[in-house]
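Chains as they are written, first to last, in the working numbering: chain A, 1 to 560; chain B, 1 to 88.
Note that the Cβ used here is the ideal one computed from N, Cα and C, for glycine as well.
Okay, here's the thing in structure tokens:
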């Protein structure tokens with residue numbers, strides 16, 4: 001038995017055999033072939049045909065729309081025009097690997113240059129090309145493997161496209177060597193409820209076929225577990241399934257203190273699922289999806305239709321919409337195309353919107369119109385607020401354009417440190433713990449090398465949250481949390497102890513957080529918070545809260 | 001050798017599923033089939049890459065040339081495929 005540690009995402013457990021994801025192949029070297037062109041041609045055609053066959057088979061297994069896509073890819077692998085391109089290059093004395101690479105690349109350029117839908121097909125060609133070259137080199141195919149049975153995927157890291165296309169019936173769990181708790185892999189894993197452990201550096205030593213327990217709740221990968229350990233893990237899997245099937249109740253502490261549990265959503269499509277999982281409203285609706293990938297901002301009418309759809313789905317409930325949060329890792333050419341050396345510290349969030357005020361005005365206008373046409377309780381907030389002056393600018397404009405409740409996201413230490421004055425100038429605050437952690441710890445949330453610093457349990461981050469909570473309580477304004485921190489069941493209780501009045505998270509985390517809050521009274525939550533605040537670092541804070549929590553539960557169980 | 005011009009019926013033009021159905025049929029016909037977009041160079045109709053890289057949209061006119069085999073039956077069935085809306 002061997003244990004590997006990493007950062008667990010969510011509270012899930014999975015058991016199964018490992019399949020490793022192959023590393024991307026390097027570009028084949030352009031050197032003269034030792035074989036004659038006919039022999040190289042046979043090699044190339046054989047590998048193209050094997051890959052075409054595999055793709056067709058995968059299509060037949062997948063069925064539906066995927067079948068058409070995979071069949072089209074299979075045809076591309078054996079395309080007569082492509083084979084002509086390969087043959088011409090072999091005649092020049094190139095190797096089969098290099099000829100295949102160049103032939104696909106020529107079509108790739110052609111399609112990429114056409115833009116839109118065709119440009120997306122360019123990525124398909126890369127995938128086919130890599131598969132053929134891997135077959136020629138007798139290496140495993142790159143990309144997410146498809147062994148034909150359920151498995152635990154071990155990878156260095158996943159591209160967003162890989163994560164998005166994971167077959168959740170086949171992938172039992174996910175272990176990545178790189179990546180931190182706020183990496184895109186982690187966020188997507190959380191969103192899709194994939195049992196995942198990221199940043200497990202020693203996982204590169206795991207071999208295909210090894211049975212492992214992926215224990216996300218404890219950030220542990222156990223390889224070669226005993227039958228008893230497997231039985232215990234399976235019991236936990238069954239227990240969680242029962243928890244998820246339990247009737248949904250509003251979020252509340254053990255003493256009845258209400259803590260509304262809200263959902264983080266990225267488009268109106270997730271509304272039904274969020275409601276099913278017990279979301280009492282939306283605590284963070286990201287509007288980026290309307291803008292990313294577009295050449296110009298969508299019109300007021302187009303935006304209004306999307307907002308109306310969302311607000312209609314949550315009629316009678318609170319919906320907090322965040323205006324466009326672009327810049328940094330989400331660049332938008334029509335907003336700001338200037339190069340920045342440190343985009344996380346650059347013209348992003350409210351700064352970028354102020355720079356292009358017409359976009360903000362149109363968005364607020366569309367939101368106000370959608371609000372007027374529906375029965376939801378719409379709140380609107382601005383991202384990346386750093387000063388009281390920016391707060392006044394945003395709330396002033398929002399009110400002028402008909403928004404009833406306007407607030408700010410607290411993501412910078414500066415906003416947290418003057419939270420009393422910021423809150424005096426708006427209606428509510430919502431703490432974005434990912435960015436607040438990034439800026440407090442001076443650790444880029446996208447950088448694996450500093451991932452260990454990206455921990456919202458750090459007492460410095462908790463102290464800032466406590467300041468905002470205290471300021472909110474003082475003047476009677478709501479302070480929500482809408483970061484990944486709220487999805488951690490124990491940290492959720494700590495956040496309430498620090499003064500958070502609502503919690504918003506990926507819908508998949510709602511059941512675990514609801515169950516956790518029900519274990520503690522408000523005074524328990526404050527005890528947990530004090531224990532964490534008094535610690536030296538993130539790990540110590542988590543341990544202190546865990547130990548205080550087990551004391552609370554033990555005392556309660558001992559009581560008559 | 002037979003030749004005919006047809007307007008593309010599929011809502012999203014000749015890519016993805018419609019292109020796949022068309023090139024599969026062209027390849028299976030046994031005849032040599034070329035396709036050209038109005039004024040463009042003819043491409044092998046059995047090549048999905050050749051066909052989709054023409055960027056043929058809904059309503060575009062394309063000319064098919066069939067050489068060999070049962071030319072008129074092949075042409076009829078391919079024209080039928082191109083004028084049907086497969087994106088419905």
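- Residue 314 of chain A carries a coil assignment under DSSP once its states are collapsed to helix, strand and coil.
- Neighbours of residue 28 of chain A in chain B, taken as residues at a C-beta separation under 7 Å, are lacking, since the least C-beta distance is about 20 Å.
- The beta carbon of residue 222 of chain A lies closer than 7 Å to those of 1, 3, 212, 213, 215 and 229 in the same chain, with the five residues before and after it left out.
- Following the DSSP letters along the chain, one finds residue 483 of chain A in no alpha helix (DSSP H), marked with neither H nor E.
- In this structure, residue 405 of chain A lies away from residue 385 of chain A, with their beta-carbon atoms at least 9 Å apart.
- Secondary structure at residue 22 of chain B: helix, using DSSP grouped into helix, strand and coil.
- By the 16-neighbour rule on beta-carbons within 10 angstroms, residue 30 of chain A is exposed.
- Pairing residue 224 of chain A with residue 15 of chain A, the inter-Cα distance amounts to about 11 Å.
- Residue pairing by DSSP places residue 171 of chain A opposite A:151 in a beta bridge.
- The shortest CA-to-CA distance from residue 13 of chain A to any of A:85, A:239 and A:551 is the one to A:239.
- Using a Cβ distance threshold of 9 Å, residue 25 of chain A and residue 133 of chain A count as a contacting pair.
- With fewer than 16 other beta carbons inside 10 angstroms of its own, residue 302 of chain A counts as exposed.
- Burial state of residue 421 of chain A is exposed, judged by a 10 Å Cβ sphere holding fewer than 16 other Cβ atoms.
- If you look at residue 67 of chain B, you'll find it isn't in any alpha helix (DSSP H); it sits in the beta strand (DSSP E) that goes 61-67.
- The residue from A:122, A:188, A:460 and A:196 with its alpha-carbon nearest to that of residue 154 of chain A is A:196.
- CA-CA distance, residue 113 of chain A to residue 53 of chain B, rounds to 10 Å.
- In the structure shown, residue 187 of chain A falls within a helical segment according to DSSP collapsed to helix, strand and coil.
- If one requires a minimum length of 4 residues, the alpha helix (DSSP H) runs lying completely within the segment 13-89 of chain A are 37-62 and 64-77, in chain order.
- Neighbours of residue 111 of chain A across chain B, judged by C-beta separation under 7 Å: 53.
- Within the segment 244-303 of chain A, the runs of alpha helix (DSSP H) that reach at least 4 residues and sit entirely inside it are, in chain order, 271-276.
- When the beta-carbon positions are compared, residue 510 of chain A and residue 542 of chain A stay at least 9 Å from each other.
- Counted as a single uninterrupted DSSP element, the alpha helix (DSSP H) harbouring residue 475 of chain A occupies residues 459-475.
- For residue 383 of chain A, the uninterrupted beta strand (DSSP E) segment begins and ends at 377-385.
- As DSSP reads the structure, residue 554 of chain A sits in no beta bridge.
- Sixteen is the threshold: when 16 or more other Cβ atoms of the shown chains lie within 10 Å of the Cβ of residue 29 of chain B, as they do, the residue is buried.
- Closest option to residue 42 of chain B, judged by alpha-carbon separation, among B:80, B:5 and B:84: B:5.
- Identification of residues in the segment 53-76 of chain A having a C-beta nearer than 7 Å to some C-beta of chain B yields 68, 71, 72, 75 and 76, given in sequence order.
- Rounded to whole angstroms, the gap between the alpha carbons of residue 127 of chain A and residue 162 of chain A is 11 Å.
- Separation of residue 289 of chain A and residue 266 of chain A (C-alpha to C-alpha, rounded to the nearest whole angstrom) is 7 Å.
- Judged by their CB atoms, residue 503 of chain A and residue 494 of chain A are not nearer to each other than the 9 Å cut-off.
- Contact with chain A is absent for residue 82 of chain B, since none of that chain's Cβ atoms lies less than 9 Å from the residue's Cβ.
- In this structure, residue 60 of chain B places its C-beta atom within 9 Å of the C-beta atom of residue 14 of chain B.
- In the pairwise beta carbon analysis, the segment 547-554 of chain A is classified as touching the segment 517-533 of chain A: at least three pairs are separated by under 8 Å.
- Residues 522 of the same chain have their beta carbon placed closer than 7 Å to that of residue 257 of chain A, with the five preceding and five following residues left out of the count.
- In the pairwise beta carbon analysis, the segment 438-456 of chain A is classified as not touching the segment 348-360 of chain A: fewer than three pairs are separated by under 8 Å.
- Counting along the chain, residue 516 of chain A sits inside the alpha helix (DSSP H) bounded by residues 510-517.
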